[in-house]
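Protein chains in written order, with the working numbering: chain Y, 1 to 216; chain A, 217 to 432.
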DNA sequence: GTCTATAGTAGGATAGAC
DNA sequence: GTCTATCCTACTATAGAC
């Protein structure tokens, strides 16, 4: 096992540096080759290093994939939180979600998530590690929902945890469905434009309601 | 290539019969082993036949998967249409969608769809065949949406094609996300209960509106 | 139409030189 | 820590016996 911690000198070829290169190559491979094509050899080709390094630094491909997801989660949930904090209305949140989704789609981040999720069917050992690492995503979305609804009288009516789970599911499902499209970005924009418009109509209706409706 | 068409006698061991057994085994393997585990050998094991038969009857694994999807699409979109025709309200449609999703989840039909969609990243040749075969799903959902909204004054406001696409995406995304859960069925029920409740609130609000709101 | 046998390839992972 | 070389396994697909 390679030792951890920063080096005294600023030498560029440290162990941590190599691990980072391997993780970057794994992400590229998952994104472009899919989980079925992301073999040790394919990953090594993307990063231009030796295939055996993967096993020296990470032990197994699955452990490498988990490390890659760790890095991705940390990066992206931060960014989500940045963009989503301080958003006050439902329609605004949908609109920003659309922008985020388009970015993520084009950068291929969601592709990585979808491919890893699909691999759980074949690699049961990945289930627990993936579950832990998907929770922050749902939490970030839920926090944004809660904040956006904070000054609405309807907050208590909305089960934000369930909605957050559904929204994450939409992101994943859209990624796979849009993989069939010729113009995925265009279709994605159109879909979120539709959703934003519906959210604005909903808001208009809410503003016309005299008092919060009873929850059945 | 095996000849097609029905036999004169009712002999059970015809070519078509074998092809059906192979397709059934492919579906089982996709469902339980995932796309990464659904090798010719694994499929043959599920159906208890010789691995070489797959190539004799279908030519390649990808062609077998497409045939399996064909069969699944025909079966299930019929069933969807049966259950969804004549449903008059939005909340009812959501409720029935929840029942259907739970059935499909437990029977593993959506798992097959999700696994095939994920494989497109690695197998570009599957993209076109899959796109053609996913269209009926979206069409069925759209038809149900259109029918459910038929006597509402808001029909023209709702882009049913986009909504249908999103709903299919939710089905796919949920399948993958629920693959991480210990109690997938329970979580699924809970999510659709939430959605149904929200749909009922929306309906109540709509019934209180004096006139259709302008579309921005 | 179904079988056995096998060719040919690619994969995960490790040993051992450097 | 990184490389080459390799083991072993599994895979797709085909050839040829039956």
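Each residue gets a CB set at the ideal place from its N, CA and C atoms; glycine is no exception. Quantities reported herein were computed from a predicted structural model and do not represent experimental measurements.
- By the criterion of a C-beta distance shorter than 7 Å, residue 258 of chain A is surrounded in its chain by 245, 249, once the five residues flanking it on both sides are discounted.
- For residue 322 of chain A, there are no neighbours in chain Y by C-beta distance under 9 Å, as the nearest C-beta there is about 15 Å away.
- Counting only runs of at least 3 residues, the segment 23–82 of chain Y fully encloses no beta strand (DSSP E) element at all.
- In this structure, the beta-carbon distance from residue 285 of chain A to residue 238 of chain A does not fall below 8 Å.
- Contact residues of the segment 191–215 of chain Y toward chain A are 191, 193, 194, 195, 197, 198, 200, 201, 202, 204, 205, 206, 208, 209, 210, 213, 214, 215 (C-beta to C-beta distance below 9 Å).
- Linking residue 126 of chain Y to residue 111 of chain Y through their CA atoms gives a straight-line distance of about 17 Å.
- Residues of the same chain with a CB within less than 8 Å of the CB of residue 401 of chain A, apart from the 5 flanking positions on each side, are 318, 321, 322 in chain order.
- Within the same chain, and ignoring the five residues on either side of residue 161 of chain Y in sequence, the residues whose Cβ sits closer than 8 Å to its Cβ are 138, 142.
- Closer than 8 Å to the CB of residue 65 of chain Y there is not a single CB belonging to chain A.
- In the three-state scheme derived from DSSP, where H, G and I count as helix and E and B as strand, residue 142 of chain Y is classed as helix.
- At least one beta carbon of chain Y lies nearer than 8 Å to the beta carbon of residue 387 of chain A.
- Residue 398 of chain A is classed as exposed because its beta carbon has fewer than 16 other beta carbons within 10 Å across all chains shown.
- If you draw a 10 Å sphere on the C-beta of residue 188 of chain Y, you find 16 or more other C-beta atoms in it, and that means buried.
- Chain A has no Cβ within less than 8 Å of the Cβ of residue 140 of chain Y.
- Contacts with chain A at 8 Å (Cβ-Cβ) do not include residue 69 of chain Y.
- For residue 306 of chain A, there are no neighbours in chain Y by C-beta distance under 9 Å, as the nearest C-beta there is about 12 Å away.
- The DSSP-derived three-state label of residue 381 of chain A is helix.
- Between residue 373 of chain A and residue 191 of chain Y, the C-beta spacing is not below 8 Å.
- The C-beta of residue 250 of chain A comes closer than 8 Å to at least one C-beta of chain Y.
- The beta carbon of residue 131 of chain Y falls within 8 Å of a beta carbon belonging to chain A, placing the residue at that interface.
- Distance between residue 121 of chain Y and residue 277 of chain A, taken at the CA atoms: about 18 Å.
- Straight through space, the alpha carbons of residue 313 of chain A and residue 301 of chain A are spaced by roughly 12 Å.
- Listed along chain A is no residue with a C-beta nearer than 9 Å to that of residue 25 of chain Y; the closest approach is about 16 Å.
- The three-state secondary structure of residue 209 of chain Y, taken from DSSP, is coil.
- Check the Cα spacing between residue 370 of chain A and each of A:386, A:332, A:418: the tightest is with A:418.
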